[in-house]
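A.B. asks:
Residue numbers (our numbering), protein chains in the order written: chain C, 1 to 329; chain S, 330 to 658.
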């Protein structure tokens with residue numbers, strides 16, 4: 001700013017006033033100052049702007065870069081935030097950094113609100129963060145309505161029941177459900193399976209385990225099914241990674257999908273639509289999830305007295321080649 | 330800070346001095362101020378700190394959250410930066426945001442240097458960014474040594490030649506190379522294939538196309554190979570995504586891997602080690618890539634006169650189940 005003032009031979013105050021769009025300068029002066037600013041490559045200082053404002057226009061987002069679904073939601077948040085006049089600052093959650101380190105980093109940049117991505121973050125952890133944070137916290141994950149922080153989640157129960165309905169419509173009656181019990185939205189997804197199966201008058205077959213919910217876990221579960229005297233005719237997996245691991249083991253074992261076995265997933269991650277995989281799956285729309293998170297966070301920034309909310313985002317079923325009519329046995 | 334001063338009945342200047350570790354206060358006063366700061370939940374303001382310092386300790390990183398390999402490198406950069414006393418600020422590259430928007434955002438936070446992830450960013454784009462940036466720029470991708478910005482790349486030529494050597498060692502002589510010509514490091518990887526094949530006295534079979542280098546492209550290339558009168562006995566793919574798309578189509582077409590066809594990839598993305606996929610691939614160590622990027626960026630922050638450098642990171646071959654001895658035909 002001093003450079004611009006020196007260049008034009010005017011006071012710093014005058015330059016500052018023009019660059020902040022305040023009254024008190026002629027149009028001719030404004031034009032000269034703006035031209036000089038452009039010419040000299042003047043760049044407003046975000047830190048200085050943050051100090052001047054009482055409320056910053058940055059939304060902080062903590063996410064796991066290697067997670068299968070979070071990056072797409074983060075991508076969607078940029079657009080949603082821009083539409084409301086906010087910027088996004090990201091902090092990555094990594095195995096060597098605690099969640100609170102990431103949140104503190106964002107708070108030190110004076111974010112107006114912090115969105116914590118992750119269905120695996122416990123209510124206890126989130127409560128501890130809320131207690132230390134001067135700004136509203138929103139969780140994108142699998143939690144319940146509460147009085148401390150906003151929750152955006154997908155309606156996993158309805159999503160899974162869409163998958164069951166689809167399979168039953170194809171004639172399947174022996175439909176197994178495979179999931180890790182420690183996945184954030186596990187309870188909700190199991191509930192959807194249970195309800196849909198009972199509505200169709202079918203017997204439950206739940207295979208659950210404590211631990212990972214990735215391809216490796218799906219492969220282990222697949223080997224468990226292969227060890228049975230008879231396979232089910234359809235498997236509803238708790239997510240796409242489990243479904244994918246299962247699919248690979250089944251194909252290698254000579255089980256044809258979908259001729260011998262139908263398989264569904266959840267999330268519609270990138271790999272689900274790859275030729276040869278073509279997984280029927282429940283799609284969480286990342287754009288809707290991202291927009292909902294931004295909307296809840298901004299609402300509480302702009303109306304600090306409004307209570308934290310729960311937003312359940314609707315899912316849709318994407319039918320691909322991994323499901324087909326029940327085999328005639 | 331004013332709160333702490335009021336709480337203790339001392340001047341703001343004294344509090345500021347203690348919190349910035351400057352001389353001029355007794356040990357007793359220091360202890361009282363620090364205790365009060367802790368008690369009142371005082372959090373230093375990153376913006377204010379940035380204004381006070383001439384040089385900020387933040388490294389800005391632009392990356393694509395949905396890219397297969399970048400998130401792991403970003404994750405590694407956090408550790409490398411922390412070890413050198415720097416923080417990382419991320420900006421996500423999305424289809425709706427230009428690269429220069431992301432860079433400007435990071436510059437407005439007064440980053441000390443900006444790392445641009447991405448082998449697809451052109452030299453021209455990077456030059457334009459360097460021209461507008463007051464801080465050093467480092468590219469993690471596929472570029473060459475130049476006088477404008479640092480480059481970190483993996484030695485893709487050596488990596489691909491490791492894959493060819495491995496296949497030839499298994500008895501393969503008809504080894505095809507599949508890649509997109511528009512992928513950033515395409516030239517380097519092709520060079521590695523050409524050199525290794527010629528060293529072994531084998532005939533080249535290069536299948537290249539303009540466009541995507543993802544699973545879909547690999548599937549299209551696989552169908553092209555299946556349309557030939559005879560398949561090669563081994564395929565070296567330009568990356569894991571191409572290899573994976575090819576693998577799925579081959580398996581569905583009844584081609585057994587590796588009994589009928591050996592396949593190698595490049596990158597060692599997460600899916601490569603999944604049971605049933607088990608892709609032999611060239612591993613770019615994300616920790617080494619991330620550390621190299623941080624090292625080059627910090628070097629130029631701390632020695633602004635040192636010229637931009639090129640760092641080629643060594644690759645290793647990870648042998649899994651997708652490669653085997655040549656079929657006896």
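Heads up, the beta-carbon is just placed ideally off N, CA and C, and yes, glycines get one too.
Can you list, in chain order, the stretches of the beta strand (DSSP E) that have 3 or more residues and sit fully within the segment 290-314 of chain C?
C.D. replies: If we require 3 residues or more, the beta strand (DSSP E) runs fully inside the segment 290-314 of chain C come out as 310-313.
A.B. asks: Quick one: list the residues of chain C neighbouring residue 548 (chain S), beta-carbon separation under 9 Å, in chain order.
C.D. replies: In chain order: 274, 275 and 276.
A.B. asks: Check each candidate in S:517, S:590 and S:598 and name the one with the smallest Cα separation from residue 657 (chain S).
C.D. replies: Out of S:517, S:590 and S:598, S:590 has the C-alpha closest to the C-alpha of residue 657 (chain S).
A.B. asks: Which residue from C:301, C:222 and C:62 puts its Cα closest to that of residue 134 (chain C)?
C.D. replies: Considering only alpha carbons, the answer is C:301.
A.B. asks: Look at the alpha carbon of residue 70 (chain C) and the alpha carbon of residue 394 (chain S), and state the distance between them as a whole number of angstroms.
C.D. replies: About 9 Å.
A.B. asks: Kindly indicate if chain C contains any beta-carbon less than 8 Å away from that of residue 459 (chain S).
C.D. replies: With 8 Å as the cut-off, residue 459 (chain S) does not count as an interface residue toward chain C.
A.B. asks: Nearest by alpha-carbon distance to residue 621 (chain S): which of S:544, S:576, S:649 and S:470 is it?
C.D. replies: Measuring from the Cα of residue 621 (chain S), the nearest candidate turns out to be S:470.
A.B. asks: Would you mind reading off the limits of the alpha helix (DSSP H) that contains residue 430 (chain S)?
C.D. replies: Note, residue 430 (chain S): alpha helix (DSSP H), 428-437.
A.B. asks: Under 8 Å, CB to CB, which of the residues in the segment 233-250 of chain C have a partner in chain S?
C.D. replies: Going along the segment 233-250 of chain C in chain order, one finds 244, 245, 247, 248 and 249 with a Cβ nearer than 8 Å to chain S.
A.B. asks: Among residues of its own chain, excluding the 5 on either side of residue 340 (chain S), which ones have a beta-carbon nearer than 7 Å to its beta-carbon?
C.D. replies: 334, listed in sequence order.
A.B. asks: Going by the beta-carbon positions, is the gap between residue 326 (chain C) and residue 264 (chain C) smaller than 8 Å?
C.D. replies: No, the Cβ-Cβ distance between residue 326 (chain C) and residue 264 (chain C) is not below 8 Å.
A.B. asks: Roughly how many angstroms lie between the CA atoms of residue 447 (chain S) and residue 477 (chain S), to the nearest whole one?
C.D. replies: Looking at the two C-alpha atoms, the distance is approximately 16 Å.
A.B. asks: Give every residue of the same chain whose Cβ lies closer than 7 Å to the Cβ of residue 502 (chain S), excluding the five residues on either side of it in the sequence, and list them in chain order.
C.D. replies: The answer, listed in chain order, is 531.
A.B. asks: Per DSSP, what kind of secondary structure is residue 554 (chain S) in: helix, strand or coil?
C.D. replies: In this structure, residue 554 (chain S) counts as helix in the three-state DSSP scheme.
A.B. asks: With a threshold of 8 Å between beta-carbons, can residue 481 (chain S) be considered close to chain C, or not?
C.D. replies: Chain C contact via Cβ: absent.
A.B. asks: Following the continuous alpha helix (DSSP H) through residue 594 (chain S), name the residue where it begins and the one where it ends.
C.D. replies: Unbroken run through residue 594 (chain S) is the beta strand (DSSP E), 591-596; no alpha helix (DSSP H).
A.B. asks: With a cut-off of 8 Å, does the C-beta of residue 288 (chain C) fall near any C-beta of chain S?
C.D. replies: Output row for residue 288 (chain C): interface = no.
A.B. asks: Does the CB of residue 415 (chain S) have a neighbour CB from chain C at under 8 Å?
C.D. replies: Not closer than 8 Å to any Cβ of chain C, the Cβ of residue 415 (chain S) fails to qualify, so no.
A.B. asks: Taking only the alpha-carbon atoms, compute the straight-line gap between residue 525 (chain S) and residue 506 (chain S) and give it to the nearest angstrom.
C.D. replies: Whole-angstrom Cα-Cα distance: 12 Å.
A.B. asks: So for residue 295 (chain S), helix, strand or coil by DSSP?
C.D. replies: Beyond the ends of chain S as shown, which are 330 and 658, falls residue 295 (chain S); an answer cannot be given.
A.B. asks: Just to confirm before moving on: does the CB-CB distance between residue 319 (chain C) and residue 280 (chain C) stay below 8 Å?
C.D. replies: Yes, the Cβ-Cβ distance between residue 319 (chain C) and residue 280 (chain C) is below 8 Å.
A.B. asks: Can you tell me whether DSSP reads residue 488 (chain S) as helix, strand or coil?
C.D. replies: Of the three classes helix, strand and coil, the one that applies to residue 488 (chain S) here is helix, per DSSP.
A.B. asks: From the DSSP output, in three-state form, read off residue 248 (chain C) for me.
C.D. replies: Residue state, collapsed to three classes: helix.
A.B. asks: For residue 511 (chain S), name the three-state secondary structure that DSSP assigns.
C.D. replies: If DSSP states are grouped into helix, strand and coil, residue 511 (chain S) belongs with coil.
A.B. asks: Return the residue from the list S:605, S:607 and S:598 that minimises the CA-CA distance to residue 614 (chain S).
C.D. replies: Closest by alpha carbon: S:598.
A.B. asks: Please check the pair residue 392 (chain S) and residue 435 (chain S), which I expect to be a contact at CB under 8 Å, by giving their CB distance rounded to whole angstroms.
C.D. replies: Contact flag wrong, Cβ pair sits at about 11 Å.
A.B. asks: Spatial neighbours of residue 242 (chain C) within its chain, please: CB distance less than 8 Å, with the 5 preceding and 5 following residues excluded, ordered by chain position.
C.D. replies: Result list for residue 242 (chain C): 178, 179, 180, 213, 214, 215, 217, 218, 221 and 265, in chain order.
A.B. asks: In chain order, what residues of the same chain have a beta carbon less than 7 Å from the beta carbon of residue 159 (chain C), not counting five sequence neighbours either side?
C.D. replies: Excluding sequence neighbours, residue 159 (chain C) sits near 192, 266, 282 and 315.
A.B. asks: First and last residue of the beta strand (DSSP E) that includes residue 395 (chain S)?
C.D. replies: Element bounds for residue 395 (chain S): n/a, residue is neither H nor E.
A.B. asks: Could you please give the first and the last residue of the uninterrupted alpha helix (DSSP H) stretch that includes residue 452 (chain S)?
C.D. replies: That run of the alpha helix (DSSP H) goes 452-461.
A.B. asks: If you draw a straight line from the C-alpha of residue 162 (chain C) to the C-alpha of residue 317 (chain C), how long is it?
C.D. replies: Going by the C-alpha atoms only, they are around 6 Å apart.
A.B. asks: Identify each residue in the segment 302-326 of chain C for which the Cβ-Cβ distance to at least one residue of chain S is less than 8 Å, and report them in chain order.
C.D. replies: Cβ contacts with chain S come from no residue of the segment 302-326 of chain C.
A.B. asks: For residue 67 (chain C), which residues of its own chain have a beta-carbon under 8 Å away from its beta-carbon, when the five flanking residues on both sides are left out?
C.D. replies: Cβ neighbours of residue 67 (chain C) beyond the five flanking positions: 117 and 118.
A.B. asks: Do we get a CB-CB distance below 8 Å when we pair residue 300 (chain C) with the residues of chain S?
C.D. replies: Taking Cβ atoms only, chain S never reaches closer than 8 Å to residue 300 (chain C), which makes this a no.
A.B. asks: Starting from residue 90 (chain C), trace the beta strand (DSSP E) both ways and give me its first and last residue.
C.D. replies: 87-92 is the extent of the beta strand (DSSP E) around residue 90 (chain C).
A.B. asks: Taking 8 Å as the CB-CB limit, is residue 37 (chain C) close to chain S?
C.D. replies: No, residue 37 (chain C) lies away from the interface with chain S (no Cβ there is under 8 Å from its Cβ).
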